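Each remark here refers to the structure printed beneath this line.
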Amino acid sequence: MAYTHDSPSIEGAMVAERLLSHGYRVYLIDKEPKARISEEEMSQLRTSIGYILGHKNLKVLSETTIDKLIGHEGDFVLTVDKNGQTEQLPVGAVVITAGDDSAYINDLRSVFYLDVDENGSLRPINRDTMVTTTLRLGIFMVPVTGELRFKAAYADSAALNVISILDSEEVIFEVPVSQVDERLCGGCGTCIKTCMFKASNIDESKRLASVDVMRCRGCGNCVTSCPTGARDLLTYPTKYLHSAIEILAEYPSKGDPKLLFLLCESCGYPSLDHAGTSGMEYPASILPLGVKCGARVDTQLILEAFAKGFDGVIIGKCKEDRCQNLVGSVDLDRRANLFREILRSRGINSERLRIVGLDGCEGGKAAEEAGAFFKDLKVMEVVV
Ligand code: SF4
Ligand code: SF4
């Protein structure tokens, strides 16, 4: 288990104590040289701190930066740098207590691809029920709090999450990877240029694309950009998306506009889910369909929706600087003009396509935007 902080903190000490006492090896990684634990905290937790600092299974790496993390829950490799020397640490899980240091959180975000809130603090998957769980499997966080009892509770929660992974005999997870259909690949290399995660390569012996499954995040950018249709995702494959559109299009809307709400699974879908679980109302003929990322939305999906009878398509994506796949949201925006041009070329009013940026918990905004689009469609000219 690796644990990171901008400087060693009481929360980190608490998480480390719980994991060490459970028999695990803990790397305590700090960018600063010295601990910042208040005297009051030290006096209350002197025994715990004494226990961890002398423990044979604790390795402290101070003045160390984190370069990259590859792998999956239960089987990560964390690369760190200390004074120009790199070291690779095999870790099963990571706990982050970055406090409210937004600059440091920003650095960590580019390594761990985590979500942040409007204040620049790390954002858990759910602020009410899963406060130490992030969107990325195997990466946990301790939220900022002033009270020692809450710090202890959050440390317990983060440590228990880690223990539940490391105590499992096997960790089963869905690998969200892209695949290459070698019959269709022409070796053009477009997928290499569009992959932010350096997961697409050309296998020189075959002159065909290949995928590094340890790096691939399954964002779908390569699927959207491959000129021959040689790429697809193992999760949310193209065939599934088209079938889902066909099935949703059969919904009897009783004269109301029928909207397809394409939602990225990082921000869009959790937002609409939040709207539903919070009892917010929106018209029943707004039909949601999850996609891996905004980057996966292509012309075919949009044209398919209109061809099957939808009156409008709304895409709920991450806000530009919050995209879990870093550029998926921006790439979607870049494609937006093309989408609209293609709709116009087919005599479809391009206003029938709308794109909204959402944070994961913006249920109110998701319901409001979809409802407003629904009303606009009622008075909109269908043809250009
Ligand atoms: S973009 Fe498509 S055709 Fe080109 S190398 Fe990649 S998989 Fe092959
Ligand atoms: S799905 Fe995304 S991360 Fe994976 S190879 Fe394609 S572009 Fe790269």
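Note that this note's numbering gives residue 1135 to position 346 of the sequence shown, counting from 1, and the numbers run on in steps of one. Yeah, the Cβ is synthetic: ideal placement off N, Cα and C, and Gly gets one too. Note that the structure is predicted; figures quoted are calculated from it, not measured.
Item                                                                                                                          : Value
Where residue 980 falls: helix, strand or coil (DSSP)                                                                         : helix
Given 8 Å, three or more beta-carbon pairs between the region 1106-1116 and the region 1075-1087                              : yes
Sufficient close CB pairs (3 or more, under 8 Å) joining the region 988-1007 to the region 949-956                            : no
Contact test: residue 1013 Cβ vs ligand 1 heavy atom, cutoff 6 Å                                                              : no
Per-residue burial, residue 798 [other beta carbons within 10 Å of its own, 16 or more giving buried]                         : buried
According to DSSP, residues forming a beta bridge with residue 1143                                                           : 1103
CA-to-CA distance, residue 904 to residue 1173, given in whole angstroms                                                      : Residue placement at residue 1173 is poorly supported in this model, since its pLDDT is 48, which falls under 50; the coordinates still yield a value, given next. Distance between the alpha carbons of residue 1173 and residue 904 is about 39 Å.
Cβ-heavy atom distance, residue 962 to ligand 2, below 6 Å                                                                    : no
Pairwise C-alpha distance: residue 829 and residue 1056                                                                       : 39 Å
Local conformation of residue 973 per DSSP, three classes                                                                     : coil
Min CB distance residue 846 to chain C below 7 Å                                                                              : Protein chains in the displayed structure number just one, and chain C is not present.
Pairwise C-alpha distance: residue 1012 and residue 1042                                                                      : 32 Å
Where residue 877 sits in the DSSP three-state scheme                                                                         : strand
Exposed unless 16 or more other CB atoms sit within 10 angstroms - verdict on residue 1010                                    : buried
Per DSSP, the bridge partner or partners of residue 998                                                                       : 991
Between the CA atoms of residue 1134 and residue 1147 - distance to the nearest angstrom                                      : 29 Å
Residue from 925, 934, 918 and 887 with nearest C-alpha to residue 911                                                        : 887
Residue 1010 Cβ short of 6 Å to ligand 2 heavy atom set                                                                       : yes
Nearest-angstrom Cα separation, counted from residue 880 out to residue 893                                                   : 21 Å
Delimiting residues of the beta strand (DSSP E) encompassing residue 929                                                      : 928-930
When 923, 908 and 906 are compared against residue 914, the one with the closest alpha-carbon                                 : 923
Boundaries of the beta strand (DSSP E) in which residue 1079 is found, first to last residue                                  : 1075-1080
As assigned by DSSP and simplified to three states, the class of residue 1069                                                 : coil
Run of the beta strand (DSSP E) containing residue 819, from where it starts to where it stops                                : 815-819
Residues of its chain near residue 1098, where Cβ-Cβ distance is below 6 Å and the 5 sequence neighbours each way are ignored : 1038
Beta bridge counterpart(s) of residue 861 as assigned by DSSP                                                                 : 864
Environment of residue 962 [buried if 16+ CB atoms lie within 10 Å]                                                           : exposed
Cβ distance (whole Å) where residue 802 is taken to contact residue 855 below 8 Å                                             : Actually they do not touch by this definition, with Cβ atoms about 19 Å apart.
Cβ-based burial, residue 969 [other Cβ within 10 Å; buried from 16]                                                           : buried
Buried or exposed by the 16-neighbour rule on C-beta atoms within 10 Å, applied to residue 808                                : buried
Identity of the residue in 1090, 1167, 944 and 1060 nearest residue 1157 by Cα                                                : 1060
Own chain partners of residue 1022 with C-beta closer than 8 Å, once the 5 adjacent residues on each side are dropped         : 965, 966, 967, 968, 1007, 1009, 1012, 1081 and 1085
Buried versus exposed, by CB contacts within 10 Å (16 or more), residue 957                                                   : exposed
Beta carbon of residue 931 nearer than 7 Å to that of residue 1130                                                            : no
Integer Cβ distance of residue 1100 from residue 1028, believed to fall under 8 Å                                             : So it is not a contact: roughly 24 Å between Cβ atoms.
Environment of residue 1127 [buried if 16+ CB atoms lie within 10 Å]                                                          : exposed
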